[in-house]
Amino acid sequence: MGLTLPSAKPAPITSADVTSASHIFAIGCSLPAHAASSGKADSWDDVPEDQGYAAQRDAIKKHVERLIDQLQKR
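In this text, residue positions in the sequence shown follow the numbering used here: the first is 1, and each later residue adds one.
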């Protein structure tokens, strides 16, 4: 038993991707201008790259919980 690696390569975010998305998040990278200016984008720059799994998990969990709270208020 092992991990199956995906064969697909990452692709740039297209205008169609932005149009069809309800939310766009960037972790550890910058978004193209058309995505960043869409009003749907958020950059989770506080997810640490060098503090291990637990710190990354905690930072992402905080963002997801905040998103869920925002969605529930709608």
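Beta carbons: idealized from backbone N, C-alpha and C, even for Gly.
Computed from a predicted model, the values in this text were never measured in an experiment.
Scanning its chain for C-beta atoms nearer than 6 Å, with the 5 sequence neighbours on each side dropped, one finds around isoleucine 24 the residues Ala35, Lys40 and Ala41, in chain order. The straight-line gap separating the alpha-carbon atoms of aspartate 69 and tryptophan 44 is approximately 17 Å.
If you look at serine 43, you'll find it in the beta strand (DSSP E) that goes 41-43. Per DSSP, the continuous beta strand (DSSP E) segment holding isoleucine 24 begins and ends at 24-26. A residue is called buried when at least 16 other Cβ atoms come within 10 angstroms of its Cβ; valine 64 does not meet this threshold and is exposed. The three-state reading of DSSP puts valine 64 in helix, counting H, G and I together.
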